[in-house]
Amino acid sequence: MLKKYSTFILILVATVFASNHQGVAQSTPLLDDDKELKLFIPEIYENRRAELMKKVEGDIIVISNDDAHNFHYLTGFDQSPAVAIIAPGSDYLYILFLRFTSPTAVLWDGPRHTINDAIHHFGADTAHFMQQLHRKLAELVGEGKSISVSPTDTRVNQEIENIRLRGNEVEVFSDLKETVENMRVIKDPWEKEWLAQAVEVTCDAHLRSMKAIEPGKYEYEIRAEIEYVFMKNNCTTGFPSIIGSGPNATFLHYPFYDRKLLEGDLILIDIGAKCNHYTADVTRTYPVSGKFTPEQRELYELVLKAQEAAIEMMKPGVGTLEPHHRATEIIMDGLYELGLITERNSWWQQRFYLHYAGLHYIGLHVHDPGHFADIVRSDRDGYLLDTEIKGRPMEPGMVLTIEPGLYFLEDGLDHVYTHFSQHADRDELNEFIRRVAPVYERYKGIGIRIEDDILIIENGNVNLSSGAPKSVEEIEAVMRR
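The numbering of the sequence shown is our numbering, which starts it at 450 and goes up by one.
Okay, here's the thing in structure tokens:
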């Protein structure tokens with residue numbers, strides 16, 4: 450937990466986050482006696498399980514932590530292996546199964562959660578060791594109970610298959626995963642608070658990194674500064690920190706940290722603290738020398754203009770993909786003015802510069818799941834470029850990123866023929882390269898992404914990550930200190 454509860458978050462507790470969403474009563478205290486955000490609130494998990502039972506087809510729910518984030522969302526239980534059965538109308542509504550820990554295991558690894566913990570802390574009506582799972586599940590099936598499961602929950606599906614192999618009929622509905630994941634899209638007040646905490650720690654890490662960046666240091670040194678802030682606040686990394694300097698910034702998720710920072714570089718930092726299981730995701734791009742070059746500034750301010758226009762659109766009723774389409778429009782207009790494309794509306798030229806849809810949910814996972822649009826995410830071209838696909842209407846309680854970017858690989862123009870020869874004839878591709886290459890040369894090796902975490906509220910949005918500077922003037926002022 451953070452040592453000090455931020456004033457920003459306290460204001461949100463009092464105003465923005467007042468809600469009765471998903472059965473979380475406004476009177477449910479979110480802070481403990483020390484005025485710190487509670488790590489666990491049994492009533493919240495109980496309300497989630499009750500809400501889930503109204504939505505699934507099965508008489509009972511069985512879920513293991515093979516389906517880790519959904520399991521945590523329903524139970525808060527954080528040790529493995531574990532299985533939960535939610536069985537309305539049975540002797541026990543909520544049963545937890547956990548691993549038996551031998552005295553020898555305790556000697557090596559320390560104590561684990563006990564049966565008593567499962568009942569008195571995690572709110573189970575009863576609890577057993579994992580060895581009893583098959584017997585209890587077979588007993589419920591014998592009573593004619595149908596079961597809702599996750600299709601990807603290997604442990605539970607294997608248990609059901611074992612029951613079938615013994616000649617028992619089992620009616621199974623594979624609706625659990627999708628149902629829980631759509632519940633996770635709308636955050637309750639406690640979740641919003643933990644996300645705000647995670648974002649605040651992430652912004653603090655950005656500020657520390659800005660003051661540490663200078664020519665001659667290595668990417669791994671900047672990583673150390675960032676992850677120190679996470680650990681100091683009892684948080685971990687929500688995903689591997691992305692720290693790419695110079696040409697490494699042109700790779701979307703650069704996985705290494707071994708390059709020396711050079712005068713004139715940009716450094717792209719995409720990081721997220723995970724606090725009590727909730728993950729932030731905030732990206733900034735900084736000049737290593739403390740001042741943007743003219744070329745860097747041109748592209749940076751174009752991306753920032755697109756991002757700010759997209760954020761302004763993010764409010765209830767607007768489709769989740771509409772801000773992305775607006776950002777795309779601004780970026781393509783800017784690239785045309787700079788001479789980096791030859792046609793504003795050319796499908797393949799847009800696709801050359803755009804690699805991803807610039808929004809996703811955050812929560813228990815950095816790319817939190819849930820219904821996003823009436824199109825599968827694998828249809829990247831539809832997501833990226835079809836403005837008729839507006840996406841799911843935004844609702845209060847959603848928390849999404851918005852992260853436009855531009856990436857000028859040093860050999861980027863060499864890929865034009867490989868990727869787009871089926872979409873344009875050779876003469877068109879040749880003419881594009883002939884006209885664009887002299888301009889592209891000025892910008893090659895530059896990678897820029899700007900990403901914020903946006904909470905949707907009744908009358909608009911709150912930018913949770915506004916604490917991380919992002920205007921050119923703010924960045925240069927901080928880095929001069």
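Note that beta-carbon positions come from the ideal geometry of N, C-alpha and C, so glycine has one too.
For the alpha helix (DSSP H) that residue 869 lies in, which residues bound it at each end? The residue you call residue 869 lines up with position 420 of the sequence shown. 865-869 is the span of the alpha helix (DSSP H), which, as asked, contains residue 869.
Collapsed DSSP secondary structure at residue 555 in the structure displayed: Numbered from 1 along the sequence shown, position 106 holds the residue referred to as residue 555. Residue state, collapsed to three classes: helix.
Tell me which same chain residues have a C-beta within less than 8 Å of the C-beta of residue 822, skipping the five on either side of it? For this step, residue 822 is matched to residue 373 along the sequence shown. Hits under 8 Å: 768, 769, 770, 832, 838, 839, 840 and 841.
Across the stretch 771-788 and the stretch 580-597, are there enough close Cβ pairs to call them in contact, namely three or more that are closer than 8 Å? In short, these stretches do not touch, since the Cβ pair count stays below three.
Whole angstroms is fine: what's the gap from residue 909's alpha carbon to residue 764's? One-based indexing of the sequence shown puts residue 909 at position 460. One-based indexing of the sequence shown puts residue 764 at position 315. C-alpha separation (whole angstroms): 4 Å.
For residue 578, which of helix, strand or coil comes out of DSSP? Here the question's residue 578 lines up with position 129 in the sequence shown. If DSSP states are grouped into helix, strand and coil, residue 578 belongs with the strands.
Where does residue 724 sit, in a helix, a strand or coil, going by DSSP? As a working note, residue 724 is residue 275 in the sequence shown. Strand at residue 724.
Would you identify the three-state DSSP class for residue 477, choosing helix, strand or coil? As a first step, residue 477 must be located in the sequence shown, where it is residue number 28. Note: residue 477 maps to coil in three-state DSSP.
Give a yes or no on whether the minimum CB-CB distance between residue 500 and chain B is below 8 Å. No chain B is part of this structure, which consists of one protein chain only.
Going by beta-carbon coordinates alone, are residue 891 and residue 791 separated by less than 8 Å? Numbered from its first residue, the sequence shown carries residue 891 at position 442. Numbered from its first residue, the sequence shown carries residue 791 at position 342. Their beta carbons are not under 8 Å apart, which means residue 891 does not touch residue 791 by this criterion.
If you check the beta carbons only, do residue 581 and residue 546 fall under 8 Å apart? On the sequence shown, position 132 is the one that residue 581 refers to. On the sequence shown, position 97 is the one that residue 546 refers to. Contact flag set, yes.
Please state whether the Cβ-Cβ distance between residue 686 and residue 852 is less than 8 Å. Position 237 of the sequence shown holds residue 686. Position 403 of the sequence shown holds residue 852. In this structure, residue 852 does not lie closer than 8 Å to residue 686 by Cβ.
Within the stretch 482-568, note down every full alpha helix (DSSP H) run reaching 4 residues or more, in order along the chain. Counting only runs of 4 or more residues that sit fully inside the stretch 482-568, the alpha helix (DSSP H) segments are 491-502, 517-524 and 552-558, in chain order.
Under the rule that 16 or more other beta-carbon atoms within 10 Å means buried, what is residue 569, buried or exposed? On the sequence shown, residue 569 is found 120 positions in, with the first residue counted as 1. Residue 569 comes out exposed.
According to DSSP, simplified to helix, strand and coil, what is residue 855? Here residue 855 is taken as the residue at index 406 of the sequence shown, counted from 1. If DSSP states are grouped into helix, strand and coil, residue 855 belongs with the strands.
Reference residue 641, options 802, 725 and 693, closest by Cα: Position 192 of the sequence shown, counted from the first residue, corresponds to residue 641. Here the closest residue by C-alpha is 725.
The ligand SAM heavy atoms versus the CB of residue 925: any closer than 7 Å? Only the bare structure without any ligand can be found here, which leaves the ligand SAM out of the picture.
Please tell me whether residue 857 and residue 603 are closer than 8 Å, where the distance is taken between their beta carbons. Here residue 857 corresponds to residue number 408 of the sequence shown, with the count starting at 1. Here residue 603 corresponds to residue number 154 of the sequence shown, with the count starting at 1. Not a contact, by the Cβ cut-off of 8 Å.
Helix, strand or coil: how does DSSP classify residue 615 here? One-based indexing of the sequence shown puts residue 615 at position 166. Coil at residue 615, not helix or strand.
Between the CA atoms of residue 819 and residue 601 - distance to the nearest angstrom: Within the sequence shown, the letter at position 152 stands for residue 601. Within the sequence shown, the letter at position 370 stands for residue 819. Each residue's Cα considered, the two are about 15 Å apart.
If distances are taken between C-alpha atoms only, which option among 643, 575, 672 and 923 comes closest to residue 812? Within the sequence shown, numbered from 1, the residue matching residue 812 stands at position 363. Put simply, of 643, 575, 672 and 923 the residue whose alpha carbon is nearest the alpha carbon of residue 812 is 643.
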